[in-house]
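Enquirer: One structure, pasted below without further comment.
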DNA sequence: CTGTTAGCGCCTTCAC
DNA sequence: GTGAAGGCGCTAACAG
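Protein chains in written order, with my numbering: chain D, 1 to 358; chain X, 359 to 716.
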């Protein structure tokens, strides 16, 4: 007797749907229906089953659900391996991954889903193999792609072949899958206009790696803003970076050697903006007095630099959340879902463009 | 013919162990043995099966492996919900989660495992229910606990009941599970000695939340270092913080109002160290000349503050990696595993304790 | 509305 | 050494 009680009170080892069925006095199938909010169950029976579930602390096994049914309750988030690991190793403070988890994980949790985070090489010849393997192992209900995967035809093509729903974060390209992005063009335009409004006319732009489609959009937005004020398209004012600190440094140095160096810079990410700041410091340029700087990433470090950088705030968490939401809805059979979503960005104005009294 | 080739070249929809068995001309079981590196398979047959696996691009389904066998190839990493989400939301740049992923995910990947990251409330009355639910759903092969869960008896007790292997990161408490920590005592001692070596005698210590066992260890280490130089144990020099910026500010303000304020501070985390820096700025104290500061977290923001902060570098990635490694080994039947591991820390000396020429 | 019957893909136990 | 049953926990497709 004592033993029995102990067994019951401690680890109710493995409560399965069978136990619940027995406890509620119904069949397995009825329990399954209740759990999945299926139709055709009398409210009274539903109550009874729910009570049994609560009493026994029953939680369905994900693995078994996937085996029997068609859903795995798993979403696969694919990030670029090299860039992600390098970011982690360097401790540079990029919080892209954190923001993705914030948006994606929490949305998944709301719906009883799980987000599994994986790294794959975009460049590698085995991208397809890597992605295929992850999918074969996990059988996710949907895949979230982040740049640069979002625009990798090898990956999107594979996903289409597989008939697996997917979301492309940061991609505005039309095509299969949900496109979820912010308006990089408008953001660059807004950033540039902010500088123009402050009276700057020689505004330099440091572009990102051309591998990322958004790099082009940002450059176009910059050009549009300049043209909008009747300023000539000066090739000298466009520096070609690749998102690294070194490339930002190089671009900035080149700017400084011009006969008429820019008085303001829009950099396509935080590292390149910080590089510009560093070069300014080396050359004795006061920020924002001699040189104004805007970053395209609002990572923690640009908020703690000296001065803190004005930056475009990307809605990373919101995009991840939207991606998860769309995929989950899609799997639930909903079909009036927007193929493309554009989420709002913000411009956080700080000391690198406007002198503060702080 | 064309059709067949296409079908083969595109999405080899679902390759199961059956297909491999047929392709290799052996039974299911033999394939299973090869996959799991089981014994009793002729090298020649093994070769043949491996070739078939490669040819078909077969990858076992995690869900099915878990259903049939006893392993799920999943490790569950449990973090504190409130603290983690707050960190993400604030964008304060804590990279604890990133370092955990770096260490844990990569180690898991090496062994064909996956790390699933979940958030649970330590304070909530339903800690047990939350943890139980996650375990019931996932059936992980092991659980990685981070502070403050590492020392939560409700959680560790449950895990013991369940017979699930687990690792306690940042906990030196003896008991079930693998304890993986750095030597907080020695780290605090080292940090304090660094200041003592620089000639400081009035050294203030801002402690962390007492809920974290490591808070106590750090305080002891500080006291030991002070005592080691024959300095009296002055209660005024110990400020009681809770890891928040506000608490650090308050502690520092209190220090400043002393008849003999400290000339150096050891803060138990980055936020409180930055708070001390902020207060110093407000009061016109030059760092490091008038006030030296050491942080206990080497997060990105302390490397970019002005001046950058000297900090204890915690081996977060290494601890996560070790945790994953131990759990995977344990599940593989290895049993000569160290119950407790202490990983080395470092002291990164920067401008907040030693004037630099930069 | 509810119960029954088949598997899902794999591993374990047992024969051969 | 290898193969043939059986079952893990659940859900889809049917019956009733």
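From the three backbone atoms N, C-alpha and C, an ideal C-beta is built for every residue, glycine too.
Tell me, which residues are paired with residue 565 (chain X) by DSSP?
Expert: Answer is X:598, bridged to residue 565 (chain X).
Enquirer: Would the segment 677 to 694 of chain X count as touching the segment 534 to 544 of chain X if we require 3 or more Cβ pairs under 8 angstroms?
Expert: Flag = yes, the segment 677 to 694 of chain X and the segment 534 to 544 of chain X touch.
Enquirer: Only counting the same chain, and skipping five residues up and downstream in sequence, which positions put a Cβ closer than 6 angstroms to that of residue 638 (chain X)?
Expert: Taken in chain order, the residues that qualify are 645, 649.
Enquirer: Please list, in chain order, the residues of the segment 260 to 283 of chain D that have any C-beta partner in chain X closer than 9 angstroms.
Expert: Within the segment 260 to 283 of chain D, the qualifying residues are 274.
Enquirer: Using the beta-carbon count (16 or more within 10 Å), is residue 189 (chain D) buried or exposed?
Expert: Buried, since its Cβ has 16 or more Cβ neighbours within 10 Å.
Enquirer: What does the Cβ neighbour count give for residue 26 (chain D), buried or exposed, with the cut at 16 atoms within 10 Å?
Expert: Residue 26 (chain D) is buried by the Cβ-count criterion.
Enquirer: Let me see if you follow: with CB-CB separation under 8 angstroms, is residue 686 (chain X) close to chain D or not?
Expert: No, because no Cβ of chain D sits closer than 8 angstroms to the Cβ of residue 686 (chain X).
Enquirer: Here's a check: name, in chain order, each residue in its chain whose Cβ is nearer than 7 angstroms to the Cβ of residue 253 (chain D), leaving out the five neighbours to either side.
Expert: So the qualifying residues of the chain are 279.
Enquirer: For residue 101 (chain D), return the contacting residues in chain X, with the cut-off set at a CB-CB distance below 8 angstroms.
Expert: Per Cβ cutoff of 8 angstroms: 446, 455, 475.
Enquirer: Is the beta carbon of residue 80 (chain D) less than 8 angstroms from the beta carbon of residue 140 (chain D)?
Expert: Contact: no.
Enquirer: Does the CB of residue 132 (chain D) have a neighbour CB from chain X at under 8 angstroms?
Expert: So yes, residue 132 (chain D) belongs to the interface.
Enquirer: Within 8 angstroms (strictly less), CB to CB, does residue 67 (chain D) reach chain X?
Expert: Yes - at least one Cβ of chain X is within 8 angstroms of the one on residue 67 (chain D).
Enquirer: Have a look at the DSSP bridge pairing and note the partners of residue 362 (chain D).
Expert: The structure shown has nothing for residue 362 (chain D), since chain D only spans 1 to 358.
Enquirer: Could you tell me the boundaries of the alpha helix (DSSP H) in which residue 171 (chain D) lies?
Expert: Where residue 171 (chain D) is concerned, there is no enclosing alpha helix (DSSP H), given that its DSSP letter is neither H nor E.
Enquirer: In the DSSP assignment, what are the bridge partners of residue 290 (chain D)?
Expert: Residue 290 (chain D) pairs with nothing; no bridge assigned.
Enquirer: Do you know whose CA, among X:574, X:452, X:481, lies nearest residue 301 (chain D)'s CA?
Expert: Taking only the C-alpha atoms, the option nearest residue 301 (chain D) is X:452.
Enquirer: Residue 93 (chain D) CB to nearest chain X CB: under 8 angstroms?
Expert: Interface residue, yes.
Enquirer: Apart from the five residues just before and just after residue 200 (chain D), which ones in its own chain have a Cβ nearer than 7 angstroms to its Cβ?
Expert: Cβ neighbours of residue 200 (chain D) beyond the five flanking positions: 263, 264, 292.
Enquirer: Between residue 211 (chain D) and the rest of its own chain, which residues show a CB-CB distance below 6 angstroms, the 5 nearest in sequence each way excluded?
Expert: Correct list, in chain order: 148.
Enquirer: Examine chain D for any beta-carbon lying closer than 8 angstroms to the beta-carbon of residue 420 (chain X), and answer yes or no.
Expert: With 8 angstroms as the cut-off, residue 420 (chain X) counts as an interface residue toward chain D.
Enquirer: Bridge partners for residue 700 (chain X) per DSSP, in chain order?
Expert: According to DSSP, residue 700 (chain X) bridges with X:539.
Enquirer: Over what stretch of residues does the alpha helix (DSSP H) that includes residue 117 (chain D) continue unbroken?
Expert: No alpha helix (DSSP H) holds residue 117 (chain D); the beta strand (DSSP E) holding it covers 114 to 120.
Enquirer: Can you tell which of D:229, D:167, D:164 has the C-alpha that lies nearest to the C-alpha of residue 194 (chain D)?
Expert: That would be D:229, whose Cα lies nearest to the Cα of residue 194 (chain D).
Enquirer: Rounding to the nearest angstrom, what Cα-Cα distance links residue 145 (chain D) and residue 166 (chain D) in this structure?
Expert: Straight-line Cα distance between these residues: approximately 7 angstroms.
Enquirer: I want to verify the contact list: residues of chain D whose CB lies under 7 angstroms from the CB of residue 407 (chain X), in sequence order.
Expert: Chain D residues near residue 407 (chain X): none, gap ~17 angstroms exceeds 7 angstroms.
Enquirer: Please report the residue range of the beta strand (DSSP E) in which residue 143 (chain D) lies.
Expert: Residues 142 to 145.
Enquirer: Along chain D, which residues have their Cβ under 7 angstroms away from the Cβ of residue 497 (chain X)?
Expert: What residue 497 (chain X) touches in chain D: 61, 63.
Enquirer: Is the segment 470 to 481 of chain X close to the segment 113 to 127 of chain D, with three or more CB pairs under 8 angstroms?
Expert: Yes: at least three Cβ pairs fall under 8 angstroms.
Enquirer: Can you check whether the CB of residue 171 (chain D) is closer than 8 angstroms to the CB of residue 151 (chain D)?
Expert: Going by C-beta atoms, residue 151 (chain D) is nearer than 8 angstroms to residue 171 (chain D).
Enquirer: Whose C-alpha, out of D:225, D:311, D:356, D:256, is nearest the C-alpha of residue 236 (chain D)?
Expert: Among D:225, D:311, D:356, D:256, the Cα nearest to that of residue 236 (chain D) is on D:256.
Enquirer: Can you pull the DSSP bridge partners for residue 623 (chain X)?
Expert: For residue 623 (chain X), which the question treats as bridged, DSSP gives the partners X:562, X:651.
Enquirer: If we cut at 8 angstroms on Cβ distances, does residue 350 (chain D) have a partner in chain X?
Expert: So no, residue 350 (chain D) is outside the interface.
Enquirer: What alpha helix (DSSP H) runs, 4 residues minimum, are completely inside the segment 374 to 432 of chain X?
Expert: Segments of the alpha helix (DSSP H) lying fully in the segment 374 to 432 of chain X: 375 to 382, 386 to 393, 401 to 414, 420 to 426.
Enquirer: State the DSSP-derived secondary structure class of residue 160 (chain D), mapped to helix, strand or coil.
Expert: Of the three classes helix, strand and coil, the one that applies to residue 160 (chain D) here is helix, per DSSP.
Enquirer: So, under 8 angstroms CB-CB, residue 31 (chain D) and residue 17 (chain D) are touching, yes? Tell me the CB distance rounded to an integer number of Å.
Expert: Residue 31 (chain D) to residue 17 (chain D), Cβ: 5 angstroms. Contact.
Enquirer: What are the boundary residues of the beta strand (DSSP E) that residue 671 (chain X) is part of?
Expert: Run containing residue 671 (chain X): 668 to 671, per the beta strand (DSSP E) assignment.
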